[in-house]
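Numbering (my numbering), first residue to last: 3 to 292.
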């Protein structure tokens with residue numbers, strides 16, 4: 003494998019767990035507590051502070067969704083939780099240790115990240131890209147195994163891209179590419195999965211398809227954290243919701259407990275009413291017109 007592809011597999015898309023069928027593995031996590039947390043972290047870029055003294059605990063076995071307006075610090079927090087951004091102060095803990103104390107491969111076996119944007123090498127096929135997700139599990143002399151093959155096949159099936167496996171990634175539509183990147187992450191099999199705007203570029207049918215997949219992974223024992231822009235999707239699928247504004251956590255908890263018209267107006271500046279979703283019985287935000 004080229005160094006370029008190793009970099010993609012380990013540092014840009016760190017790796018993820020899955021349990022859609024036995025081939026994708028099982029995400030085991032402690033019954034209580036938080037194996038991933040940020041304690042007093044301050045975050046920023048190029049001298050600009052985004053968040054200060056931020057405390058966040060990701061509930062084990064939950065599907066946590068982070069919401070908030072553009073540039074409020076959602077993706078910055080996710081990057082810090084995945085070790086792609088080092089806090090200027092405070093620490094991110096993974097399984098009780100500073101995440102910076104782990105090597106890249108060890109992090110990649112414990113935690114996976116789907117970033118906002120990913121760039122595939124020119125000329126790579128869908129099947130080859132998804133197979134790169136197995137890199138964190140490879141040893142120097144280890145050959146490709148039946149378990150590796152099964153994980154890739156299951157990931158392709160779970161994201162409905164099996165029929166694209168022989169296609170070049172750079173020939174695909176934006177939505178198809180996004181599903182292929184998700185498949186790569188699923189092939190990597192870790193119990194923690196971080197997703198930065200995973201439904202970007204997808205039509206509504208494929209958005210729901212992916213969100214249902216993530217819900218299924220969560221119910222099978224995996225811990226998920228996602229940044230979503232659609233507040234109603236967040237309310238329907240999250241077991242734990244974190245609302246952010248100006249780099250700070252404004253509210254967190256079960257969507258039914260925290261999502262109110264007052265909160266939506268405070269966070270997004272959007273007058274609305276919040277009613278009961280007749281299908282999911284979760285909060286449904288209805289914007290008010292002028």
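In this text, a Cβ means the ideal position worked out from N, Cα and C, and glycines have one as well. Treat the numbers as computed from the prediction; the structure is a model and nothing was measured.
A Cβ-Cβ separation of about 6 Å places residue 96 in contact with residue 112 under the 8 Å criterion. Contact check for residue 57 and residue 35: beta-carbon distance about 15 Å, past the 8 Å limit, so the pair fails to qualify. Fewer than three beta-carbon pairs drawn from the region 235-249 and the region 184-191 are found closer than 8 Å, and the two stretches are therefore not classed as touching. Listed in chain order, the non-local C-beta contacts of residue 184 below 7 Å within the same chain comprise 116, 161, 200, 212, local neighbours out to five positions each way being set aside. With fewer than 16 other beta carbons inside 10 angstroms of its own, residue 248 counts as exposed.
In the displayed model, residue 38 falls within a strand according to three-state DSSP. Distance from the CA atom of residue 83 to the CA atom of residue 176, rounded to whole angstroms, is 26 Å. Collapsing the DSSP output to three states places residue 81 in a helix.
Between the region 214-227 and the region 63-74 there are three or more C-beta pairs closer than 8 Å, enough to call the two in contact. Taking the Cβ atoms as the reference, residue 91 lies roughly 7 Å from residue 43, within the contact range of under 8 Å.
With 16 or more other Cβ atoms from the protein chains shown falling within 10 Å of its own Cβ, residue 179 counts as buried. Under the three-state reduction of DSSP, residue 43 is assigned to strand.
In this structure, residue 202 keeps its C-beta atom at 8 Å or more from the C-beta atom of residue 169. For residue 210, the three-state secondary structure derived from DSSP is helix. Taking the Cα positions, residue 69 is about 25 Å away from residue 100. Counting only runs of at least 4 residues, the region 144-207 fully encloses the following alpha helix (DSSP H) elements, listed from N- to C-terminal order: 148-160, 176-188.
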